[in-house]
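In what follows, a single structure is set out as structure tokens and then discussed.
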Amino acid sequence: MTSFKLTDEQLECRDMARDFCQKRVYPVTRQLDEEGLPDKLVSEMGELGYLGCSIATEYGGMGLDPFAVSCIIEEFAKANAGLATLMAAHLSLGCKSMELHGSDEQKKKYLPQMAKGAITSFCLTEPNAGTDVLSIQAKALPESDHFILSGEKQFITSADIAKYYVVFCKTDKGPTCFIVDRDTKGLTVGQPEKKLGIRSSKTCPVHFEDVKVPAENMIGQPGKGFRIALSVLDYGRLGVAAGALGIAEQAFAEAVDYTQNRVQFSQTISSFQATQFKFADMRIEIDASRYLLYHALHTAMSGERFTIEAAKAKLKASETASYIADENIQMHGGYGYTQDYNAERLWRDARITRIYEGTSEAMRMIVGGFCAKK
Ligand SMILES: Cc1cc2nc3c(=O)[nH]c(=O)nc-3n(C[C@H](O)[C@H](O)[C@H](O)COP(=O)(O)OP(=O)(O)OC[C@H]3O[C@@H](n4cnc5c(N)ncnc54)[C@H](O)[C@@H]3O)c2cc1C
Numbered sequence: 061m062t063s064f065k066l067t068d069e070q071l072e073c074r075d076m077a078r079d080f081c082q083k084r085v086y087p088v089t090r091q092l093d094e095e096g097l098p099d100k101l102v103s104e105m106g107e108l109g110y111l112g113c114s115i116a117t118e119y120g121g122m123g124l125d126p127f128a129v130s131c132i133i134e135e136f137a138k139a140n141a142g143l144a145t146l147m148a149a150h151l152s153l154g155c156k157s158m159e160l161h162g163s164d165e166q167k168k169k170y171l172p173q174m175a176k177g178a179i180t181s182f183c184l185t186e187p188n189a190g191t192d193v194l195s196i197q198a199k200a201l202p203e204s205d206h207f208i209l210s211g212e213k214q215f216i217t218s219a220d221i222a223k224y225y226v227v228f229c230k231t232d233k234g235p236t237c238f239i240v241d242r243d244t245k246g247l248t249v250g251q252p253e254k255k256l257g258i259r260s261s262k263t264c265p266v267h268f269e270d271v272k273v274p275a276e277n278m279i280g281q282p283g284k285g286f287r288i289a290l291s292v293l294d295y296g297r298l299g300v301a302a303g304a305l306g307i308a309e310q311a312f313a314e315a316v317d318y319t320q321n322r323v324q325f326s327q328t329i330s331s332f333q334a335t336q337f338k339f340a341d342m343r344i345e346i347d348a349s350r351y352l353l354y355h356a357l358h359t360a361m362s363g364e365r366f367t368i369e370a371a372k373a374k375l376k377a378s379e380t381a382s383y384i385a386d387e388n389i390q391m392h393g394g395y396g397y398t399q400d401y402n403a404e405r406l407w408r409d410a411r412i413t414r415i416y417e418g419t420s421e422a423m424r425m426i427v428g429g430f431c432a433k434k
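Under our numbering, the residue at position 10 of the sequence shown is numbered 70, and the numbers go up by one with no gaps.
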């Protein structure tokens with residue numbers, strides 16, 4: 061059995077993120093949920109290096125390994141899952157597309173900016189292409205030394221504040237990936253969706269109308285965009301699993317705390333065996349999620365392909381987050397149903413982790429398909 065003991069450096073990263081969240085995020089988490097993220101907080105995260113923590117030091121990032129990055133995302137998710145979503149989508153999807161598939165010139169140009177906090181959105185989903193990503197309709201037509209992009213992207217995380225957009229469009233060679241600057245003529249960002257949860261993170265449509273993009277902005281080879289998207293989504297799913305784990309840990313801690321203080325029948329609710337049996341089931345599910353995530357991180361760090369491991373980790377952690385957040389409300393009784401406690405927000409925030417970056421059904425297709433392979 062592989063040992064998943066965190067190194068001193070990984071623990072230090074986790075503790076620094078925990079400390080930052082305790083001071084800067086927890087006290088205002090309800091406000092972030094209601095009003096969105098203030099620019100000041102996002103720039104502060106950029107200045108402190110959180111928005112470049114996974115980027116190599118040669119490009120101005122912190123060069124942290126996937127375990128350390130996962131610990132940081134988990135800490136942010138405990139405090140505010142919308143903020144963790146912003147960070148994970150920027151790092152694991154936007155920046156990762158450039159890190160894994162960009163040319164040397166592209167990396168030198170874009171990664172240092174991204175590491176300092178130039179938010180990068182990942183534009184794959186379309187109104188008629190969700191789970192079935194191969195059916196995207198956005199087009200990129202070649203014209204001399206550039207491409208003309210047109211189409212509609214849907215549900216794009218942080219599109220409202222992004223400086224760069226990693227965009228997947230069809231060319232005559234198949235799906236192809238481009239990086240597009242926010243200031244490019246013809247690119248417009250629509251109104252944020254009114255969402256159930258992760259409300260501090262904005263999710264918007266992005267419209268491309270005859271957007272002229274230089275050929276040098278193509279990431280990777282023409283027709284290889286789908287391969288890029290899939291490789292990056294493996295990292296994205298590690299980020300979602302880390303965020304889901306953070307929500308689950310937070311909901312569990314709040315359930316224990318509340319029941320240790322709430323007295324009914326002249327004793328604390330936590331002293332009832334029925335409650336303790338629930339704690340046992342909850343703790344085991346969280347630990348199982350953590351082991352699957354750490355196994356996936358370990359596989360990623362060993363350089364092996366980790367698609368199956370990431371799918372298992374994302375599926376387990378996201379379903380666990382929903383279960384624990386739901387039990388947390390139950391243990392709070394009527395108070396859990398009100399905005400006086402975090403329980404209702406954690407429950408709303410947990411729900412998205414079973415949908416974005418591949419639904420639970422899509423994760424089962426990946427894992428089940430692998431199991432059925434001869
Ligand atoms: C808050 C939020 C943020 C997001 N951020 C981004 C982002 O930054 N970038 C981006 O590109 N996208 C983003 N997305 C999109 C997200 O990844 C998609 O919503 C998700 O992949 C599902 O696609 P869909 O919504 O079109 O659902 P659909 O694909 O229409 O699926 C609807 C239901 O049918 C099920 N289903 C579909 N096909 C099958 C099948 N073959 N077998 C069994 N069941 C099936 C699904 O599992 C799901 O339950 C975001 C979405 C949200 C809500």
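Ideal Cβ placement from N, Cα and C applies to all residues, glycine included.
{"Check": "heavy atom of ligand 1 below 7 Å from PHE64 C-beta", "Outcome": "no"}
{"Check": "Rounded C-alpha distance that separates ILE288 from GLU107", "Outcome": "29 Å"}
{"Check": "Endpoints, the alpha helix (DSSP H) within which HIS392 is located", "Outcome": "367–392"}
{"Check": "Every unbroken alpha helix (DSSP H) within the region 270–357, with a cutoff of 4 residues, ordered by chain", "Outcome": "285–321"}
{"Check": "Cβ-based neighbour list, THR367, same chain, cut-off 7 Å, excluding 5 preceding and 5 following", "Outcome": "ASP294 and ILE426"}
{"Check": "Candidates THR319, GLY257, SER63 and GLN166, of which the one nearest VAL226 by Cα", "Outcome": "GLN166"}
{"Check": "Cβ-heavy atom distance, GLY190 to ligand 1, below 7 Å", "Outcome": "yes"}
{"Check": "Residue interval of the beta strand (DSSP E) (run including THR67)", "Outcome": "Segment: none, THR67 is in no beta strand (DSSP E) and carries neither H nor E."}
{"Check": "For ALA175 and GLY112, believed in contact at Cβ under 8 Å, the rounded distance", "Outcome": "3 Å"}
{"Check": "Any 3 or more C-beta pairs closer than 8 Å across the region 232–247 and the region 267–284", "Outcome": "yes"}
{"Check": "Cross-strand partners of SER362 (DSSP beta bridge)", "Outcome": "DSSP lists no partner for SER362."}
{"Check": "From LEU124, LYS272 and GLU95, residue whose alpha carbon lies closest to that of GLN70", "Outcome": "LEU124"}
{"Check": "Contacts around LEU97, its chain only, beta-carbon distance under 6 Å, and the 5 residues preceding and following it disregarded", "Outcome": "SER260"}
{"Check": "At least 3 beta-carbon pairs within less than 8 Å: the region 351–364 vs the region 379–393", "Outcome": "no"}
{"Check": "Cβ contact check for the region 397–407 and the region 336–353: 3 or more pairs under 8 Å", "Outcome": "no"}
{"Check": "Inter-residue spacing [alpha-carbon to alpha-carbon] between LYS83 and ALA334", "Outcome": "35 Å"}
{"Check": "Runs of alpha helix (DSSP H) lying entirely within the region 210–267, each at least 4 residues, in chain order", "Outcome": "none"}
{"Check": "Three-way DSSP call (helix, strand, coil) for GLU417 in this model", "Outcome": "coil"}
{"Check": "Same chain only: Cβ atoms within 7 Å of SER291, ignoring 5 sequence neighbours per side", "Outcome": "LEU160"}
{"Check": "C-alpha gap between GLU186 and GLU212, whole angstroms", "Outcome": "6 Å"}
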